[in-house]
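Novice:
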Amino acid sequence: MENTKCVCGHNNPVGTILCEYCGKPLEEDQEANRPLEMRYEGKARRSQTYQTTWFDRVWNFFSSVKVAIVLILITLIASAIGTILPQERYIPSPDPAQFYVEHYGVWGEWFYKLGLSNMYDSWWYVTLLAMIGISLVVCSLDRVIPLYKALKNQQVTKDLSFISRQKVSHTLKVTEEERDALLDRLATQLQNRRFHVRREGHALLAEKGRISRWGPYINHIGLILFLFGALLRLVPGWYLDQFVWVREGEIAKVPELPYYVKNNKAEVEFYDPKELPGKKENAQPTVKQYKSDITLMRQDPRTGRLEPVSRKVIMVNHPMEYKGLMLFQSGFQPNQPLSLQMTVTDKKTKKSVGTFTVNLYHPKESYPLQNGGTVRILNYFPDFTMEGDRPATKSEFPNRPAFVFEVITPELKKGEKSWMIAQTNLDDINRNNRYDISMTGLQVVDQSGLMVRVDKSLPVIFFGAAVCMIGLVMGFYWQHRRVWLRWHEGRLYLGAHTNKNWFGLKREVEQIAERAGLKMSLTQYGQE
Numbered sequence: 236m237e238n239t240k241c242v243c244g245h246n247n248p249v250g251t252i253l254c255e256y257c258g259k260p261l262e263e264d265q266e267a268n269r270p271l272e273m274r275y276e277g278k279a280r281r282s283q284t285y286q287t288t289w290f291d292r293v294w295n296f297f298s299s300v301k302v303a304i305v306l307i308l309i310t311l312i313a314s315a316i317g318t319i320l321p322q323e324r325y326i327p328s329p330d331p332a333q334f335y336v337e338h339y340g341v342w343g344e345w346f347y348k349l350g351l352s353n354m355y356d357s358w359w360y361v362t363l364l365a366m367i368g369i370s371l372v373v374c375s376l377d378r379v380i381p382l383y384k385a386l387k388n389q390q391v392t393k394d395l396s397f398i399s400r401q402k403v404s405h406t407l408k409v410t411e412e413e414r415d416a417l418l419d420r421l422a423t424q425l426q427n428r429r430f431h432v433r434r435e436g437h438a439l440l441a442e443k444g445r446i447s448r449w450g451p452y453i454n455h456i457g458l459i460l461f462l463f464g465a466l467l468r469l470v471p472g473w474y475l476d477q478f479v480w481v482r483e484g485e486i487a488k489v490p491e492l493p494y495y496v497k498n499n500k501a502e503v504e505f506y507d508p509k510e511l512p513g514k515k516e517n518a519q520p521t522v523k524q525y526k527s528d529i530t531l532m533r534q535d536p537r538t539g540r541l542e543p544v545s546r547k548v549i550m551v552n553h554p555m556e557y558k559g560l561m562l563f564q565s566g567f568q569p570n571q572p573l574s575l576q577m578t579v580t581d582k583k584t585k586k587s588v589g590t591f592t593v594n595l596y597h598p599k600e601s602y603p604l605q606n607g608g609t610v611r612i613l614n615y616f617p618d619f620t621m622e623g624d625r626p627a628t629k630s631e632f633p634n635r636p637a638f639v640f641e642v643i644t645p646e647l648k649k650g651e652k653s654w655m656i657a658q659t660n661l662d663d664i665n666r667n668n669r670y671d672i673s674m675t676g677l678q679v680v681d682q683s684g685l686m687v688r689v690d691k692s693l694p695v696i697f698f699g700a701a702v703c704m705i706g707l708v709m710g711f712y713w714q715h716r717r718v719w720l721r722w723h724e725g726r727l728y729l730g731a732h733t734n735k736n737w738f739g740l741k742r743e744v745e746q747i748a749e750r751a752g753l754k755m756s757l758t759q760y761g762q763e
């Protein structure tokens, strides 16, 4: 590709709007009274120069701001849709397909079938995040490289058309005798305003706040780091977000980690009625705080025993922290059934032949009776339901426990089966049985819901957010201001440019000129 040669003799790459050396417009059809296009100092971007190979096409696709906006909008819409129903990791069921259908009907069924129930870990959502990150990198490189080269190699002496066609400009007559003294005074006043001044012969360039031009790109770096931290969560061991219920007095395995947690005590604290003025006497008590006294334990590899490593009373927003692991108080269920006390009665003698206690979470296969008999559990359905004409369980939690018992005693030639379903009278089913099994006691227990979280990517995410905020401050509140001065054939040409706050720049240049002994009213098109 051929370069575009300026009248000053400098060869410019194809696509350059302003000469890299003198600043003269290279496009002859530009309107003479229109301010110059100063974006990227008129330098050509790669996406506007190379468009032949497949790499160029990919680069041009991701360098488009429109493409980046579309990708962000698609991701935002998808993220919002994913919050309509709870994600799989937060539902209390091992069968998500059945759970969504039972609780949300047709909408839940399609929510699961479309993969929205586990959306944030899906390949297409991760691909969207990766494409946004690639777009940020390519957009930044496509623009920051030519801008850096242009600002680094700025020439002091600029073409007159470049100066006069700045948005803030002025031209006035200055004799040769007044020239040097006036330029000296202007340079002094500009330096007093913290401008960095360079001078070549009868030309002058004053600049300050160049760092603000990098604000948007620092913002991009922060966003890239933020996305990188989010993608790190997909790396095994970097992120864990699980939920576990632990009953009071019991020990539960921490999901996916070599730890165990014991719930020493779970309690709920209520507000004193005196603390809530205006509340009715018979109203339900208001919860003030949920608490759990937990012990974190780890198995000793030599002895196999569980050794405590940390203990803390956790509350909402006050988790236990241990080597990057955080346990949050995130749920509380009071009076949950733990075990049932069953009594076996001989219908002939109307006397009890024995009692036994069934742990609803860890039932035994058989229980001895006092008369030498045995009760065996043939089937156990923690959450009983009927699927057609067959019994089944909806979940692993004992919400409606049902049992099929077999009673074996010396008086029976063979064991007899008995059904027992909570909250259901089964006298008709067990009518011909000699022995009656009934529930005579219920033991309940409180249980705590703990959110288990490990997030090693948080430092990266927070650092990216901080870098992003720094870039926003630089881009919104700092300003890059430049003033060009050149004396030529009895006239002094002044032009000024800024990336924001044109009114402030105009006022500052007028004040500098006034202190240097000049009275001028700056215009946008270089008029006297």
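Under the working numbering, residue 763 is the last one in the sequence shown; the count climbs by one each step, no gaps. For every residue, glycine included, the Cβ atom is placed at its ideal position computed from N, Cα and C. This structure is a prediction, so every number in the text was calculated from the model and none was measured.
Would you kindly report the start and end of the unbroken alpha helix (DSSP H) that includes residue 311?
Specialist: 300 to 316
Novice: Pick helix, strand or coil for residue 399, following the three-state DSSP scheme.
Specialist: helix
Novice: Rounded to the nearest angstrom, what separates residue 320 and residue 441 at their Cα positions?
Specialist: 59 Å
Novice: For residue 247, which residues does DSSP report across the bridge?
Specialist: 239
Novice: CB-CB under 6 Å to residue 753, same chain, minus the five flanking residues each way: which ones, in chain order?
Specialist: none
Novice: First and last residue of the beta strand (DSSP E) that includes residue 501?
Specialist: 495 to 505
Novice: Can you name, in chain order, every residue of its own chain whose Cβ lies under 8 Å from the Cβ of residue 540, other than the five neighbours on each side?
Specialist: 534
Novice: Quick one: Cα of residue 433 to Cα of residue 722, how far?
Specialist: 15 Å
Novice: Under three-state DSSP, which class holds residue 563?
Specialist: Reduced to three states, the DSSP call for residue 563 is strand.
Novice: What's the C-alpha gap between residue 242 and residue 254?
Specialist: Rounded to whole angstroms, residue 242 and residue 254 show a C-alpha spacing of 9 Å.
Novice: Starting from the Cα of residue 377, find the closest Cα among 586, 455, 497 and give me that residue.
Specialist: When only C-alpha atoms are compared, the closest one is 455.
Novice: Looking only at its chain, what residues have a beta carbon closer than 8 Å to the beta carbon of residue 323, apart from the 5 residues adjacent to it on each side?
Specialist: 331, 352, 353
Novice: In chain order, what residues of the same chain have a beta carbon less than 6 Å from the beta carbon of residue 452, not counting five sequence neighbours either side?
Specialist: 375, 379
Novice: I need the DSSP call for residue 701, collapsed to helix, strand or coil.
Specialist: helix
Novice: Taking Cβ positions, are residue 467 and residue 314 nearer each other than 7 Å?
Specialist: no
Novice: Can you tell which of 546, 483, 386 has its C-alpha closest to the C-alpha of residue 561?
Specialist: 546
Novice: From the DSSP output, read off the bridge partner residues of residue 568.
Specialist: 682
Novice: Find the nearest neighbour of residue 429 within the set 279, 718, 508, 756, judged by alpha-carbon distance.
Specialist: 718
Novice: Could you pull the start and end residues of the alpha helix (DSSP H) that residue 366 belongs to?
Specialist: 358 to 387
Novice: Tell me residue 602's beta-bridge partners as DSSP assigns them.
Specialist: 610
Novice: Can you tell me which of the three DSSP states residue 594 falls into?
Specialist: strand
Novice: Please report the straight-line C-alpha distance between residue 747 and residue 418, rounded to a whole angstrom.
Specialist: Computed Cα separation, rounded: 12 Å.
Novice: In three-state DSSP terms, what is residue 748?
Specialist: Annotated three-state conformation of residue 748 is helix, per DSSP.
Novice: From this set, 262, 347, 277, 679, which residue's C-alpha is nearest residue 571's C-alpha?
Specialist: 679
Novice: Mind the definition here: the stretch 475 to 483 touches the stretch 683 to 692 only if three or more C-beta pairs lie below 8 Å; say whether that holds.
Specialist: Yes: the two stretches touch, three or more of their Cβ pairs being nearer than 8 Å.
Novice: Can you tell me the Cα-Cα spacing of residue 649 and residue 484, whole angstroms?
Specialist: 40 Å
Novice: In three-state terms, what does DSSP make of residue 293?
Specialist: helix
Novice: Contact between the stretch 600 to 618 and the stretch 720 to 739 is defined here as three or more beta-carbon pairs at a separation below 8 Å; is this criterion met?
Specialist: no
Novice: Closer than 8 Å is the cut-off here; do at least three beta carbon pairs connect the stretch 497 to 507 with the stretch 730 to 744?
Specialist: no
Novice: Mapping DSSP to helix, strand and coil, what is residue 651?
Specialist: strand
Novice: Given residue 491, which residues of its chain have a CB within under 7 Å of its CB, disregarding the five upstream and five downstream residues?
Specialist: 475, 477
Novice: Look up residue 671 in the DSSP assignment and give the residues it is bridged to.
Specialist: 580
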